[in-house]
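Trainee: After the structure tokens below, expect a handful of questions from me.
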Amino acid sequence: MKRICSIYKSPRKNEMYLYVDRSEALSRVPEALLTAFGAPVHAFDLVLTPERNLAREDIAKVLENIEKQGFHLQMPPGEEEYIEHLPEELLRMNDPI
14 MKRICSIYKS
24 PRKNEMYLYV
34 DRSEALSRVP
44 EALLTAFGAP
54 VHAFDLVLTP
64 ERNLAREDIA
74 KVLENIEKQG
84 FHLQMPPGEE
94 EYIEHLPEEL
104 LRMNDPI
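Per this note's numbering, residue 14 is the first one in the sequence shown, and the count goes up by one each step.
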């Protein structure tokens with residue numbers, strides 16, 4: 014299943030994204046979600062297929078959510094994820110000598 018999606022970023026929360034079918038745009042996104050999300054800012058369009066890899070999302074889940082509910086909401090990573098991705102030397106900079 015191939016789907017052309019539009020990805021929107023939230024102006025309120027860094028690294029929060031909304032994936033929708035490009036042909037439907039935001040028509041199936043609940044008003045309450047749009048209110049919490051803020052005015053969506055179009056980031057880019059992307060062709061999604063089951064074979065494609067996404068950096069932080071499970072492609073099968075994204076496609077399933079768009080099919081069933083009309084959108085997929087990507088939440089920002091937790092603070093722990095930011096810390097885990099820092100190089101070891103940066104994590105040790107504040108350690109006592």
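Even glycine gets a Cβ: it sits at the ideal position worked out from N, Cα and C.
Whose C-beta lies closer than 6 Å to the C-beta of Glu70 among residues of the same chain, with five residues either side of it excluded?
Mentor: Here residue 70 refers to the residue found at position 57 of the sequence shown. Taken in chain order, the residues that qualify are Gln87.
Trainee: Name the residue from Tyr21, Ile72, Pro53 and Ile79 whose alpha carbon lies nearest to the alpha carbon of Thr62.
Mentor: Locating residue 62 in the sequence shown gives position 49, counting from the first residue. Of the candidates Tyr21, Ile72, Pro53 and Ile79, the one whose C-alpha sits nearest the C-alpha of Thr62 is Ile72.
Trainee: Could you tell me whether the Cβ atoms of Ile20 and Arg35 are closer together than 7 Å?
Mentor: Indexing the sequence shown from 1 puts residue 20 at position 7. Indexing the sequence shown from 1 puts residue 35 at position 22. It is not a contact, given that the beta carbons lie outside the stated cut-off.
Trainee: Tell me, please, whether the CB atom of Cys18 is closer than 7 Å to any CB atom in chain D?
Mentor: In the structure shown, chain D cannot be found, because there is only a single protein chain.
Trainee: Does DSSP classify Lys22 as helix, strand or coil?
Mentor: Stepping through the sequence shown from its first residue, residue 22 is reached at position 9. The answer is strand: DSSP assigns Lys22 an E or B state.
Trainee: Mind checking Lys22: buried by the 16 CB within 10 Å criterion, or exposed?
Mentor: Within the sequence shown, numbered from 1, the residue matching residue 22 stands at position 9. Per the 10 Å Cβ criterion, buried.
Trainee: Under the rule that 16 or more other beta-carbon atoms within 10 Å means buried, what is Pro24, buried or exposed?
Mentor: The count along the sequence shown starts at 1 and reaches residue 24 at position 11. Classification for Pro24: exposed.
Trainee: Leaving out five residues on either side along the sequence, give the residues of the same chain with a beta carbon under 8 Å from the beta carbon of Pro89.
Mentor: Locating residue 89 in the sequence shown gives position 76, where the first residue counts as 1. Around Pro89: Lys26, Asn27, Glu28 and Met29.
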